[in-house]
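Written below as structure tokens is the structure these notes are about.
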Amino acid sequence: MALGEGEGGGARAIPVQVLAQRVTQERADAARHYPDQDEVEQIRIAFRAPPAPGLGVTAWKAGPPVPLPRAEDARVRGRSLENRFVQVVLEPNGALTITDRRKNERYGDLLRLEDAGDAGDAYTFAPPSRRRTKQSRGPITVRRLAAGPLVAALEARWEVTRGIDARMVVQLYADSPIVRTTLEIDNRNSYHRLRARLATGLGGAGGGVPATAGTAFGAVARPPVTVPAQAYPRETPVRTAPAQRFVAVARGGRGLAVLAPAFFEYEWTAKGDLYITLLRAVGDLSRGDLPTRPGHAGWPTAIPAAQCLGKTRIDLALVPVSAADVERGDALPQLWEDAFLPLHGLWLRDAAALTLSPITIALEGTGLVFSALKPAQIGSPMVLRCYNTTGRKVSGAWRFGHGVKTAHRVRADEREAVALVLEQRGNIVRFVAEPHEIVSILVT
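Quick note on my numbering: the sequence shown kicks off at 1 and runs consecutively.
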């Protein structure tokens, strides 16, 4: 089976890969008739979608199969996945090794799970008196889930330590350097912290390079926390930090980015190790007897559910990057959108010929990141919002498939409107974003 873009004799075929197939039930309700319950064959597919217009819709129709060129596919070879961008190997201890074929860089011992005791509360990590870190050693059992050519996937299962089991699914797409992983942790232990370690090889004298972590409207670079704890007898400096969507480290052509769906906690060390906190199993909101902090940080109450007992699912993605990608500002958000905000597919089983409204809204400007498209607080206009991730002034533009009537630059609360000049019959609205500025434009 394949998908065809458009209709009629000029339709272009799109390669398709069948991922799963099963028999199930489908129910169709009607306002004036009895419901229709059918036994159907449900098929889950992956397909190579052509570029879609910004915030727009594209339709495809089912058709005969077409082959995918061998040089462009993703494939499984034993315990490894590969495409033309990267090769990923599942190691016997549960870690990953990634080879960036574009720059001939190798990253070993990635996402190796490490478990250690945690005597802290919901606010502050505190190591127990006998601190011991247990590293995942395997062995793992591996099963192939998808062989390609569009999606290659492997599943690994192993015991991390007594009381903690792990299942990891690793996926590689034919057209992307992003390594997608899903970790399922079955935790039966209390008072501990489970983290994934990534050995980047980017440490060095003076702490090496900083880690660049995503924030709500930009990113922040943080060096490793290397201050001695004895210099702060009352409260131990926190070595972890928050990140939103991504954290990346890079020097020259060598670098690695970790992508996550939302907020997460990381630690960047002077040795060049990047730690991602997967779960903290604690039992109290606040404790007053911690050696790492004086007194309470909040109300002293028990929270047994914070022991994270049972199964927890964590989605992470890894991708090799360069220092230029990190400095550009918009490259990491684009990679994150590819990983966690892909095209949304909708199957219309009984659809007749579709007439799609040609919607296109595109943002231009190096370092600018799309943030929101929303209705205005008052009236019928809509608000387009973006932000400048760089420390320099950037010229930007919104391009529309259909011209807009008016455009005003407004504050975030949509006040103090300043009219903007429309170009090419309203198809282009230009603006200037100051360093790290959030830009909101109201259009009708």
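Just so you know, even glycine gets a beta-carbon here, dropped at the ideal spot from N, CA and C.
Per DSSP, the bridge partner or partners of Tyr266: As a position in the sequence shown, residue 266 is number 266, starting the count at 1. The beta-bridge partner set that DSSP reports for Tyr266 consists of Ala241, Ile276.
Same chain, Cβ closer than 8 angstroms to Glu235, five either side skipped, listed in chain order: On the sequence shown, position 235 is the one that residue 235 refers to. Closer than 8 angstroms at the Cβ level, and outside the excluded window around Glu235, lie Thr292, Arg293, Pro294.
For Pro342, three-class secondary structure by DSSP: By one-based count along the sequence shown, residue 342 stands at place 342. The answer is coil: DSSP assigns Pro342 none of H, G, I, E or B.
Opposing strand residues paired with Arg428 [DSSP bridges]: Residue mapping note: residue 428 aligns to position 428 of the sequence shown, counting from 1. First, the residue type needs correcting, since residue 428 is Ile and not Arg in the sequence shown. Residue pairing by DSSP puts Ile428 in a beta bridge opposite Arg399, Glu423.
Status (buried if at least 16 other CB within 10 Å, exposed otherwise) for Gly120: Numbered from its first residue, the sequence shown carries residue 120 at position 120. By the beta-carbon neighbour count (other beta carbons within 10 angstroms, threshold 16), Gly120 is buried.
Beta-bridge pairing of Val112 - partner residues as DSSP gives them: As a first step, residue 112 must be located in the sequence shown, where it is residue number 112. Residue identity check: residue 112 is Arg in the sequence provided, not Val. Arg112 is bridged to Arg197.
Cβ-Cβ separation, Leu316 to Ala146 (assumed contact under 8 angstroms), whole Å: For the purposes of this step, residue 146 is taken as the residue at position 146 of the sequence shown. For the purposes of this step, residue 316 is taken as the residue at position 316 of the sequence shown. About 19 angstroms separates the beta carbons of Ala146 and Leu316, which is beyond the 8 angstroms limit, so they are not a contact pair.
Beta-carbon proximity check, Val450 vs Ser440, cutoff 7 angstroms: The chain is shown from 1 up to 444; residue 450 falls before or after that span and cannot be answered.
Spatial neighbours of Gly206 in its chain, beta-carbon cut-off 7 angstroms, leaving aside the 5 residues before and after: What you label residue 206 is simply residue 206 of the sequence shown in a count that begins at 1. Model confidence at Gly206 stands at a pLDDT of 46, short of 50, so the residue's coordinates are unreliable and nothing is read from them.
Alpha-carbon spacing of Ser129 relative to Val282, whole angstroms: Indexing the sequence shown from 1 puts residue 129 at position 129. Indexing the sequence shown from 1 puts residue 282 at position 282. Take the alpha-carbon of Ser129 and the one of Val282: they are about 16 angstroms apart.
Val227, DSSP secondary structure in three states: Numbered from 1 along the sequence shown, position 227 holds the residue referred to as residue 227. DSSP places Val227 in coil when its eight states are reduced to three.
Spatially closest choice to Arg77 from Ala153, Thr58, Glu434, by CA coordinates: Sequence index remark: in the sequence shown, residue 77 carries index 77 (1-based). With distances taken between Cα atoms, Arg77 lies closest to Ala153.
Where Glu327 falls: helix, strand or coil (DSSP): Your numbering for residue 327 matches position 327 in the sequence shown. It is helical.
Reduced DSSP secondary structure (H/G/I, E/B, other) of Glu155: Looking up residue 155 in the sequence shown gives position 155. DSSP, reduced to helix, strand and coil, places Glu155 within a strand of the structure shown.
Separation of Ala229 from Lys374, as counted between CA atoms: In the sequence shown, the residue the question calls residue 374 occupies position 374. In the sequence shown, the residue the question calls residue 229 occupies position 229. Looking at the two C-alpha atoms, the distance is approximately 47 angstroms.
Element boundaries [beta strand (DSSP E), containing Cys308]: Position 308 of the sequence shown, counting from 1, holds the residue named residue 308. Careful: Cys308 lies outside any beta strand (DSSP E) and carries neither H nor E.
Contact test: Leu341 Cβ vs the ligand MG heavy atom, cutoff 6 angstroms: Of the ligands one can find in the structure shown there are none, so the ligand MG has no counterpart to examine.
Burial state of Phe263, where buried means 16 or more other Cβ atoms lie within 10 Å: Position 263 of the sequence shown, counted from the start, is the residue given in the question as residue 263. Burial call: exposed.
DSSP bridge partner residues for Ala302 (one or two, in chain order): Position 302 of the sequence shown, counted from the start, is the residue given in the question as residue 302. Its beta-bridge partners are Asp284.
Any 3 or more C-beta pairs closer than 8 angstroms across the region 273-281 and the region 326-335: Taking a cut-off of 8 angstroms on C-beta distances, the region 273-281 does not touch the region 326-335, as fewer than three cross pairs fall below it.
Reference Glu337; option with closest CA among Arg180, Ala419, Ala397, Glu434: Along the sequence shown, one-based indexing puts residue 337 at 337. Nearest C-alpha to Glu337: Arg180.
Given 8 angstroms, three or more beta-carbon pairs between the region 304-316 and the region 182-196: Under the three-pair Cβ rule at 8 angstroms, the region 304-316 counts as touching the region 182-196.
Extent of the continuous beta strand (DSSP E) to which Tyr173 belongs: The residue you call residue 173 lines up with position 173 of the sequence shown. If you look at Tyr173, you'll find it in the beta strand (DSSP E) that goes 164-173.
Assigned secondary structure, Pro294 (DSSP; H/G/I helix, E/B strand, else coil): For the purposes of this step, residue 294 is taken as residue 294 along the sequence shown, with counting starting at 1. When secondary structure is reduced to three states using DSSP, Pro294 falls in the coil class, being assigned neither helix nor strand.
Within 7 angstroms, strictly: CB atoms of Ala248 and Val326: By one-based count along the sequence shown, residue 248 stands at place 248. By one-based count along the sequence shown, residue 326 stands at place 326. Between Ala248 and Val326, the C-beta spacing is below 7 angstroms.
Member of Leu172, Ala362, Ser190 whose CA lies at the smallest distance from the CA of Trp89: By one-based count along the sequence shown, residue 89 stands at place 89. Sequence check: residue 89 is Val here, not Trp. It is Leu172.
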